[in-house]
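Peer 1:
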Amino acid sequence: MTNATPVRGLILPDWLELIVRFLVGGTFVYASVDKILHPDAFAQAIFHYRMLPPALLHPTALVLPWLELVAGLAMILGFWRRAAAFWISVMLVVFMVAIASALSRGLDISCGCFHTEAGHAVGLSLLFRDVALLAGAVVLWAARGVRRTL
Amino acid sequence: MVNSRKVKLLSAGPLWREAPLLLGLALVLAAGAWFARTPRLPLIADMSLYEMDLAAPVLEPAAALAAFRDNTHIFVDTRAVDDGRRIPGAMVLRPDSFDEDFREIFDFLVPEDPLILYGDGNLLLTSNVAQQLEARGFTELSLLRGDLDAWAAAGGDLSTEGGAP
């Protein structure tokens, strides 16, 4: 019981939980850095999706990277882990909707995921990556019982 | 007592309590970073600037003035016509003689320098100069909204001598 976390009746080994936490949390921490340093360029990247009204464009560019950083760090360090997994899941769903919407409209834009300057172009591979991350976040969100911090 | 409270706050709790706390922490950090950063990104976006697809973000005169007073940025005059006025210390890079002007100031700039470009109010012309600087490796570029009259109206100083160098 001390080296495993029950997940809805299934046992998630500690080592696996730790790997998922580092993968998901680390991805979000890494993704946040460039956006925090260059909010103007990130706003430009968000604008290219043409989904947000003017009143929300800059507030989103300012807050979203910090939410990524805080949620990613919380996920890695193990505090407020369910909340971190919840927000990461919410963000991933929003990202997937934005990517799917851009793809359906035929927009040839940079995703703005990790680097604001020369990012990965929006494509199906990004959707698959986000689905994989979402699966990890949902597993951690659903995890109950034993809780450990680093 | 304090430690046990801290441990209780950081330890597992109901999602309805943890999730707003985490969002609140992100909001506080974002607000702090926004406040500490100069120049600040305006909270309401001017979409016409995004539609123009400019090569660099646009700064309001007040934000540029703050950068000028903090001495954090180098100003670059991109006006094609020189009327003798200039933001003190500004370097000159005219669109029609970019290469020649760039050679003159090359020794005084490094690509990491944060630059604020200003012109006669036409952002697209100023953006063209920014694009050429970007091609030479400059990444920290901003465009001043408005002309020198807007700068002066915001309280900015103007010199009537030649630019630097």
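Top to bottom, those sequences are chains B and X.
Using the working numbering, read the first sequence as starting at 23 and increasing by one per residue.
Using the working numbering, read the second sequence as starting at 23 and increasing by one per residue.
Note that beta-carbon positions come from the ideal geometry of N, C-alpha and C, so glycine has one too.
Computed from a predicted model, the values in this text were never measured in an experiment.
Check distances from the C-beta atoms of the region 69 to 84 of chain X to those of chain B and list, in chain order, the residues that come in under 7 angstroms.
Peer 2: M69, Y72 and P79
Peer 1: Here's a check: name, in chain order, each residue in its chain whose Cβ is nearer than 7 angstroms to the Cβ of X/P117, leaving out the five neighbours to either side.
Peer 2: T100, A102, L147, N150 and V151
Peer 1: Can you name the start and end residues of the beta strand (DSSP E) that X/D99 belongs to?
Peer 2: I96 to D99
Peer 1: Given that a residue counts as buried once 16 or more other Cβ atoms are within 10 Å of its Cβ, and exposed if not, what is B/D130?
Peer 2: With a threshold of 16 other beta carbon atoms within 10 Å, B/D130 falls short and is exposed.
Peer 1: Is the region 117 to 133 of chain X touching the region 78 to 95 of chain X in the sense that three or more CB pairs, one from each, lie closer than 8 angstroms?
Peer 2: With fewer than three CB-CB distances shorter than 8 angstroms, the region 78 to 95 of chain X does not count as touching the region 117 to 133 of chain X.
Peer 1: Anything in chain X within Cβ reach of B/D62, meaning under 7 angstroms, just list it in chain order.
Peer 2: L63 and P79
Peer 1: Please name the residue, chosen from X/L51, X/N93, X/A55 and X/L139, that lies closest to X/V114 on a Cα-to-Cα basis.
Peer 2: Answer by Cα proximity: X/L139.
Peer 1: How about the region 63 to 78 of chain B and the region 114 to 126 of chain B: do they share at least three Cβ pairs that are nearer than 8 angstroms?
Peer 2: The count of Cβ pairs closer than 8 angstroms, one atom from the region 63 to 78 of chain B and one from the region 114 to 126 of chain B, reaches three, so the stretches are in contact.
Peer 1: Does any CB atom of chain X fall closer than 9 angstroms to the CB of B/H80?
Peer 2: yes
Peer 1: The alpha helix (DSSP H) spanning B/L149 covers which residue range?
Peer 2: L146 to A164
Peer 1: Is it true that the region 54 to 71 of chain X meets the region 90 to 105 of chain B, where meeting means three or more beta-carbon pairs spaced less than 8 angstroms apart?
Peer 2: no
Peer 1: Output yes or no for whether 9 angstroms exceeds the beta carbon distance between X/L155 and X/L137.
Peer 2: With contacts defined as CB atoms closer than 9 angstroms, X/L155 and X/L137 qualify as a contacting pair.
Peer 1: Is any non-hydrogen atom of the ligand NAP found closer than 8 angstroms to the C-beta of B/H60, if you look at the structure I gave you?
Peer 2: In the structure shown, the ligand NAP is absent, as is every other ligand, since no ligand is present at all.
Peer 1: Measure the Cβ-Cβ separation of X/A48 and B/W88 and say whether it is below 9 angstroms.
Peer 2: yes
Peer 1: Looking at C-alpha atoms only, which residue of B/S147, B/F50, B/A107 and B/L45 is the closest neighbour of B/L86?
Peer 2: B/F50
Peer 1: From the DSSP output, in three-state form, read off X/R108 for me.
Peer 2: strand
Peer 1: By a C-beta neighbour count over all protein chains shown, 10 Å radius and 16 as the cutoff for buried, is B/Q66 buried or exposed?
Peer 2: buried
Peer 1: Would you verify that the beta carbon of B/T24 is, or is not, closer than 9 angstroms to some beta carbon of chain X?
Peer 2: At B/T24, the pLDDT of 46 sits below 50, so the modelled position is not reliable; the number obtained from the coordinates is stated separately. It does not; no Cβ of chain X falls within 9 angstroms.
Peer 1: Ignoring anything shorter than 4 residues or poking outside the region 40 to 102 of chain B, list the alpha helix (DSSP H) runs there in chain order.
Peer 2: 61 to 71 and 76 to 99
Peer 1: Using a Cβ cut-off of 8 angstroms, pull out every chain B residue sitting near X/A174, in sequence order please.
Peer 2: Under the 8 angstroms cutoff, chain B gives no residues; its nearest Cβ is about 25 angstroms from X/A174.
Peer 1: Based on Cα-Cα distance, which residue from X/L145, X/P83 and X/L45 lies nearest to X/A172?
Peer 2: The shortest Cα separation from X/A172 among X/L145, X/P83 and X/L45 belongs to X/P83.
Peer 1: Quick check on the burial criterion: 16 or more other C-beta atoms within 10 angstroms. Buried or exposed for B/G31?
Peer 2: Confidence at B/G31 is low in this model, with a pLDDT of 47, below 50, so the placement of that residue should be treated as unreliable; the coordinate-derived value is given next. It counts as exposed.
Peer 1: Which one of X/F160, X/R158, X/S70 and X/G141 has the shortest CA to CA distance from X/D105?
Peer 2: X/G141
Peer 1: Would you mind working out which of X/S181, X/T182 and X/P36 sits nearest B/F108, comparing C-alpha positions?
Peer 2: X/P36
Peer 1: Between B/C135 and B/I58, what straight-line distance do the alpha-carbon atoms span, to the nearest angstrom?
Peer 2: 12 angstroms
Peer 1: If we count the other Cβ atoms within 10 Å of its Cβ and call it buried at 16 or more, is X/I66 buried or exposed?
Peer 2: exposed
Peer 1: Got a sec: is the Cβ-Cβ distance from B/A53 to anything in chain X below 9 angstroms?
Peer 2: Contacts with chain X at 9 angstroms (Cβ-Cβ) do not include B/A53.
Peer 1: Going by DSSP, what residues sit across from X/S164 in a beta bridge?
Peer 2: According to DSSP, which records beta bridges pairwise, X/S164 is partnered with X/I138.
Peer 1: List the residues of chain D whose Cβ lies closer than 7 angstroms to the Cβ of X/A48, in chain order.
Peer 2: Absence of chain D from the displayed structure is noted, the protein chains being B and X.
Peer 1: Cutting at 6 angstroms between CB atoms, please list the residues of its own chain near B/L146, excluding the five before and the five after it.
Peer 2: Once the five neighbours on either side are set aside, B/L146 has no close Cβ partner at all.
Peer 1: Which residues in chain B sit within 8 angstroms of X/L37, going by Cβ to Cβ distance?
Peer 2: R104, A105 and F108
Peer 1: Run through the DSSP bridge pairs and tell me what B/A143 is partnered with.
Peer 2: Beta-bridge pairing by DSSP links B/A143 to B/S132.
Peer 1: Can you tell which of X/G159, X/W38, X/A77 and X/L44 has the C-alpha that lies nearest to the C-alpha of X/F124?
Peer 2: X/G159
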